[in-house]
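So the structure is just underneath, and the comments pick up after that.
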Ligand SMILES: [Zn+2]
C-alpha cells in the first residue's frame, strides 16, 4: 500500500502520460523506484584502453528526465548515451554526434546502468573503479525543474526476440525480472574454454559484487596484431587479464574463475544501457541470453529493440 501511494504521488514522464498499451512484443512498466542520479560530482583519471591517451572523466548530478549524455571539454555538443548515436568500431563501443566522438564507453555505461544512475552528464569524456566512484558520489532520487521525482519505466519483452550471426546470438525471452546469461567458447585457449554465467545485474549489489570487478581480457598471441592495428594502445597487464594459448594466464590471479564470461555480461549491460532514454532503464525486463557475442552484435540487438520501442511510442 505504501509503495502504491508512493508510485501514485510520483510524476510520469511525458511519453508515459499518453501511452496506450498495444499488442506489441514490448510494453512499458513503471518501476518501484523513481529515476535516480548521483548525489555529488565525482572525477576519475586514467589511460584510454584503445587510445592510450590519459583522460579525466567527471560525473555530475542531473535533473530527472535528462538521461545520460557526454559533453566533451571545450565543446557544447551533447552526445546522448543512446543506441541512435553508436558508430561502428572495432572491439569497443563508440558514440558520435557530428564531429564529437567518445570511444570505449561500455564499461562506464555498464557501471551506471548496474548502479541505477539514470540521469548524469559525463564531462571531459574520453568497472570496479566506476562503481566505487559512484558509491563515493552517493545515489539519490533525481528531481525535475519543479523539484518533483519522476517515475522510471522499463521496457518489458513479451515474446522471444533475437539477432544472430553464424553461431553467435543475442536473444531476449519473456521473464519477470531482468536476468542476463552469457556464454563464451574459446576452445582453442584451454585456460578459458567454454564458460557460462548468469545473474540479475539490475540488482545493485549483484552488479557491484559479481560483475563490476571482472576485467577485460585478451589472447596473448593476438596482442601484437591488435597493437599494430592501433588498438589496445592503453592496454596493459594492469587493466586487462591476458591468456596465452600455450601457457595459460600470464597475469593471474583471476578475480573469478569465470572472469572472462562475467566481463561479457559487463559489456552487454553497458551496450544495452544505450537503450535508456529520458532517465528510464536501459536493460529490458527479460531473460537476455548472449553466446559468443561482441559489441557489434550487441548494437544490432539494441537497434532492433529500439525500432520496436519507437513504433510503440508512435502508436500513441
Ligand atoms: Zn569490455
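Residue numbers (the numbering used here): 1 to 316.
Glycine residues also receive a C-beta, built at the ideal position from the N, C-alpha and C atoms.
Heavy atom of ligand 1 within 6 Å of residue 238 beta-carbon | Flag unset: Cβ of residue 238 not near ligand 1.
Whole-angstrom distance between residue 100 and residue 126, CA atom to CA atom | Caution is warranted here: a pLDDT of 31 is assigned to residue 126, below 50, making its placement in the model unreliable, and the coordinate value is therefore given only provisionally. Approximately 11 Å, taken between the alpha carbons.
Could you tell me if residue 250 is buried or exposed, where buried requires 16 or more neighbouring beta carbons within 10 angstroms of its beta carbon?
-> Label assigned to residue 250: exposed.
Pocket of ligand 1 (residues with CB nearer than 7 Å to any heavy atom), chain order = In chain order, the qualifying residues are 106, 107, 216, 263, 266 and 267.
Kindly confirm or deny that the stretch 262-270 and the stretch 190-202 touch, where touching means at least three C-beta pairs closer than 8 Å.
-> Contact holds: three or more Cβ-Cβ distances are below 8 Å.
How should residue 87 be labelled, buried or exposed, when 16 other C-beta atoms within 10 angstroms of its C-beta is the threshold for buried?
-> exposed
Look at residue 60 and residue 70 and say whether their C-beta atoms are less than 7 Å apart.
-> no
Could you work out which residue in 26, 35 and 172 is closest to residue 289 when comparing CA atoms only?
-> 172
Kindly list the residues whose CB is nearer than 7 Å to the CB of residue 165, restricted to its own chain and excluding five residues on each side of it in sequence; keep chain order.
-> 297
Alpha carbon to alpha carbon, how far is residue 26 from residue 160?
-> Approximately 10 Å, taken between the alpha carbons.
Roughly how many angstroms lie between the CA atoms of residue 301 and residue 162, to the nearest whole one?
-> 7 Å
Starting from the C-beta of residue 111, find all residues in its chain whose C-beta is less than 7 Å away, skip the five residues before and the five after it, and write them out in chain order.
-> 127, 130, 131, 134 and 212
Can you tell me the Cα-Cα spacing of residue 12 and residue 156, whole angstroms?
-> A straight-line Cα-Cα distance of about 17 Å links residue 12 and residue 156.
Among all the DSSP beta bridges, which residues are the ones paired with residue 37?
-> When DSSP reads this structure, residue 37 sits in a beta bridge with 140.
Among 106, 293 and 182, nearest to residue 68 - alpha-carbon criterion = 106
Quick one: using the 10 Å Cβ neighbour count with 16 as the cut-off for buried, is residue 74 buried or exposed?
-> exposed
Close beta carbons around residue 48, own chain, < 8 Å, minus the five adjacent residues each side | 54, 55, 103, 104, 126, 233 and 234
Mind checking which residues open and close the beta strand (DSSP E) that includes residue 271?
-> Element bounds for residue 271: not the beta strand (DSSP E) but the alpha helix (DSSP H), 259-272.
C-alpha gap between residue 35 and residue 253, whole angstroms | 38 Å
Is it true that the stretch 175-193 meets the stretch 238-246, where meeting means three or more beta-carbon pairs spaced less than 8 Å apart?
-> Taking 8 Å as the limit for Cβ pairs, the verdict is that the stretch 238-246 does touch the stretch 175-193.
Compute the distance between the beta-carbons of residue 270 and residue 119, then report whether it is under 7 Å.
-> no
Taking only runs that begin and end inside the stretch 156-228, name each unbroken alpha helix (DSSP H) of 4 or more residues, in chain order.
-> 223-228
Taking only beta-carbon positions, decide if residue 112 is within less than 7 Å of chain D.
-> Protein chains in the displayed structure number just one, and chain D is not present.
Test item: CB-CB of residue 93 and residue 295 under 7 Å = yes
If you scan the stretch 90-122 from start to end, which runs of the alpha helix (DSSP H) of 4 or more residues do you find wholly inside it?
-> 106-115
Secondary structure at residue 11, three-state DSSP: helix, strand or coil?
-> strand
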